[in-house]
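Undergrad: Below you will find the structure I want to go over with you.
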Amino acid sequence: MLVAPDLSLNSDILSGADKCVKCGLCHPGCPTYVLSLNENEAPRGRIALMQALAGGQLKPSPPVLTHLDHCLTCRACEHVCPSGVPFGALIDATRILLEPVRQRPRAARLLRRLALTLVRRPALRAVVTTLLRFYQQRPGLRARVAGSSFLARRPQLRRLESMLPSWHRKPAPASTTAEPRGRIALFAGCTGRVLEPAALDATRRVLTHLGYEVVTPRRQTCCGALHLHAGEREAALTLARHNLRVFAAARADAVIYTASGCGAQLREYDTLFAGEPKDNAAENLGVTPVGICEFLTGIPWPEAVTLRPLARRVAIHEPCSLRNVLRSEDAVYRLLGRIPQIRLEPLPDNALCCGAAGSYMLSEPQWADAIVDRKLARLAESDAVSPEIIVSSNVGCAVHLRNGLRRRGVEVEVMHPVELLCEQLEEASSEERGAR
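For what it's worth, numbering that gives the first Met the number 0 labels the leading residue of the sequence shown as 0, then goes sequentially.
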């Protein structure tokens, strides 16, 4: 039986699960069910497991926990559910309920604690980020480390190393206006500076070029999504309160994020704080957070800003957080549609998760790789001409797609939409013009 369960969470789980009419319309959009055809790996089956756990009819045995752990929290089931079942809230509440009674191997427990502490502590993260940036910008060093026997004997570390992109900072362009059009506070997140530095750099460059002042609050921290989905709600609340204070103090006209996964968490802070006492934490960020693509499609552009033509085929990946939570995937098509001669198309099976799902690609590598391999196989089997570029609005998805393509020996560039837009700015330098 569950040990000292939180009765309020039990009630939330039971009331939310009672909305499920067991119709099964969610099955085709669930990546683990599509792969396994196992009812326990489908939303309907997981809801039944959660109901039984919350009601005390089922013990948290290893098989039960495994089926729940396999859920990517992609929330595709919510997107199609006719009954409005809040599946994301249900799986998060269940993980919070089960976390106190989890039994993990010592090594796994220490690695989990280290990872969650790293993304939570800005000072520690800054030191690690500085070291990783040094490493990222030295191809010779990376080649020696990647080919070392040390990594060969440690598959998890080898997998982590493969996620690091190469990156070199570019000088920021001058603003096209004498006076700033507004002040933008950029949410960089906990992993963006390491896994998506080029996207953050491109965001600053484009916004500056359009006449905005861009600030990146130094004291910001992780959005809290990793902790919430790992069953650590109190840590997620602490991180959210900190971000609320930091960004409210920035007094920006807009808070912008590049990673849709972070954006989904930021936009649901009000849900996270539901029922919490309103203490000394800021009430909100001061403004509604918005994704960079959505922001750029919603503002007038100065007449002096033009984009160079790009006669290339570009496939758009729609991250689950963008499609199922934020519901703003159309902004990417509208933004990149500004580029003359570009040929845009959706990545096949956009309705199915790519398998990244935050830390899922590390905690469940076999499932994560099988899911992305299926998606990429569908791309190879499609009648359409293969894309030359794939864009994704979420950092983890871009990393996972890039690694999946590399394993298949496919040379397709993967980048954030704002990176592609930035490269097509008419004022780009001659070096940038020749890079492609």
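Note that beta-carbon positions come from the ideal geometry of N, C-alpha and C, so glycine has one too.
Small disclaimer: the values here were computed from a predicted structure and weren't measured.
With residue 316 as the anchor, note down where its beta strand (DSSP E) starts and where it stops.
TA: Counting along the chain, the beta strand (DSSP E) containing residue 316 begins and ends at 312-316.
Undergrad: Classify residue 24 as helix, strand or coil using the three-state DSSP reduction.
TA: Reduced to three states, the DSSP call for residue 24 is coil.
Undergrad: To the nearest angstrom, how far is it from the Cα of residue 236 to the Cα of residue 141?
TA: Going from the Cα of residue 236 to the Cα of residue 141 covers about 37 Å.
Undergrad: Report back the beta-carbon spacing between residue 261 and residue 222 to the nearest angstrom; my notes put them in contact at under 8 Å.
TA: With a Cβ gap of about 4 Å, residue 261 and residue 222 count as contacting.
Undergrad: Please determine whether the Cβ atom of residue 398 lies at a distance below 6 Å from any heavy atom of the ligand GTP.
TA: Only the bare structure without any ligand can be found here, which leaves the ligand GTP out of the picture.
Undergrad: Quick one: measure Cβ to Cβ for residue 398 and residue 416, integer angstroms, because I've assumed they're closer than 8 Å.
TA: Their Cβ separation, rounded to whole angstroms, is 16 Å, which puts residue 398 and residue 416 out of contact at 8 Å.
Undergrad: Return yes when the Cβ of residue 205 is within less than 7 Å of the Cβ of residue 253, no when it is not.
TA: No; because the gap between Cβ atoms is not below 7 Å, this pair is not in contact.
Undergrad: Can you tell me the Cα-Cα spacing of residue 433 and residue 97, whole angstroms?
TA: Caution applies to residue 433, whose pLDDT of 44 falls short of 50 and renders its modelled position unreliable; the model cannot decide the point.
Undergrad: Please return the same chain residues whose Cβ sits closer than 6 Å to the Cβ of residue 201, not counting the five positions on each side in sequence.
TA: These residues qualify, in order along the chain: 417, 418, 421.
Undergrad: Exposed or buried, which one is residue 58 when buried takes at least 16 other CB atoms within 10 Å?
TA: Label assigned to residue 58: exposed.
Undergrad: Does DSSP put residue 229 in a helix, a strand or coil?
TA: Coil at residue 229, not helix or strand.
Undergrad: Whole angstroms are fine: how far does the CA of residue 351 sit from the CA of residue 259?
TA: Those two C-alpha atoms are separated by around 16 Å.
Undergrad: Name, in chain order, the residues that DSSP records as bridge partners for residue 290.
TA: In DSSP, residue 290 forms a bridge with 256.
Undergrad: Output the boundary residues of the alpha helix (DSSP H) element that contains residue 82.
TA: Unbroken run through residue 82: none, as it is neither H nor E.
Undergrad: Leaving out five residues on either side along the sequence, give the residues of the same chain with a beta carbon under 6 Å from the beta carbon of residue 85.
TA: 15, listed in sequence order.
Undergrad: Please classify residue 11 as buried or exposed, where buried requires at least 16 other C-beta atoms within 10 Å of its C-beta.
TA: Looking at its Cβ environment, which holds 16 or more other Cβ atoms inside 10 Å, residue 11 is buried.
Undergrad: Check for me: the alpha helix (DSSP H) holding residue 144 runs from which residue to which?
TA: Run containing residue 144: 138-145, per the alpha helix (DSSP H) assignment.
Undergrad: By the three-class DSSP mapping on this structure, what secondary structure does residue 280 have?
TA: For residue 280, the predicted structure reports a pLDDT of 45, less than 50, and the residue's modelled location is therefore unreliable. A value from the coordinates is still provided. In the structure shown, residue 280 sits in coil (DSSP, three-state: anything other than H, G, I, E or B).
Undergrad: Does DSSP put residue 13 in a helix, a strand or coil?
TA: DSSP places residue 13 in helix when its eight states are reduced to three.
Undergrad: Within the segment 185-228, note down every full alpha helix (DSSP H) run reaching 4 residues or more, in order along the chain.
TA: The qualifying runs are 191-194, 196-208, 224-228.
Undergrad: Are the CB atoms of residue 109 and residue 117 nearer to each other than 7 Å?
TA: Their beta carbons are not under 7 Å apart, which means residue 109 does not touch residue 117 by this criterion.
Undergrad: Going by DSSP, name the residue or residues bridged to residue 360.
TA: Looking at the DSSP assignment, residue 360 forms no beta bridge with any residue, so it has no partner.
Undergrad: Give the straight-line distance between the Cα atoms of residue 233 and residue 219, rounded to the nearest whole angstrom.
TA: Distance between the alpha carbons of residue 233 and residue 219 is about 18 Å.
Undergrad: Between residue 380 and the rest of its own chain, which residues show a CB-CB distance below 8 Å, the 5 nearest in sequence each way excluded?
TA: Nothing listed; no residue qualifies.
Undergrad: Using the Cα positions of residue 36 and residue 73, report the straight-line distance between them to the nearest angstrom.
TA: Spanning the two alpha carbons is a distance of roughly 18 Å.
Undergrad: Measuring straight from C-alpha to C-alpha, what distance separates residue 354 and residue 178?
TA: Straight-line Cα distance between these residues: approximately 44 Å.
Undergrad: Since residue 412 is in the beta strand (DSSP E), which residue starts that stretch and which ends it?
TA: Start and end: 412-414.
Undergrad: Rounded to the nearest angstrom, what separates residue 311 and residue 341 at their Cα positions?
TA: Answer to the nearest angstrom: the Cα atoms are 6 Å apart.
Undergrad: In whole angstroms, give me the CA-to-CA distance for residue 442 and residue 196.
TA: Since the first and last residues shown for the chain are 0 and 435, residue 442 lies out of range.
Undergrad: Drop a sphere of 10 angstroms on the beta-carbon of residue 3, count the other beta-carbons inside from all chains shown, and report buried for 16 or more, exposed for fewer.
TA: Annotation note: pLDDT 41 at residue 3 (below 50); position unreliable, coordinate value reported separately. With fewer than 16 Cβ atoms within 10 Å of its Cβ, residue 3 is classed as exposed.
Undergrad: What span of residues does the beta strand (DSSP E) with residue 308 cover, start to end?
TA: From DSSP, residue 308 is part of no beta strand (DSSP E); its letter is neither H nor E.
Undergrad: Give a yes or no on whether the C-beta atoms belonging to residue 150 and residue 156 are separated by under 7 Å.
TA: Yes, they are a contact pair.
Undergrad: For residue 264, count the other beta carbons within 10 Å of its own beta carbon; 16 or more makes it buried, fewer makes it exposed. Which is it?
TA: Classification for residue 264: buried.
Undergrad: Secondary structure at residue 390, three-state DSSP: helix, strand or coil?
TA: It is a strand residue.
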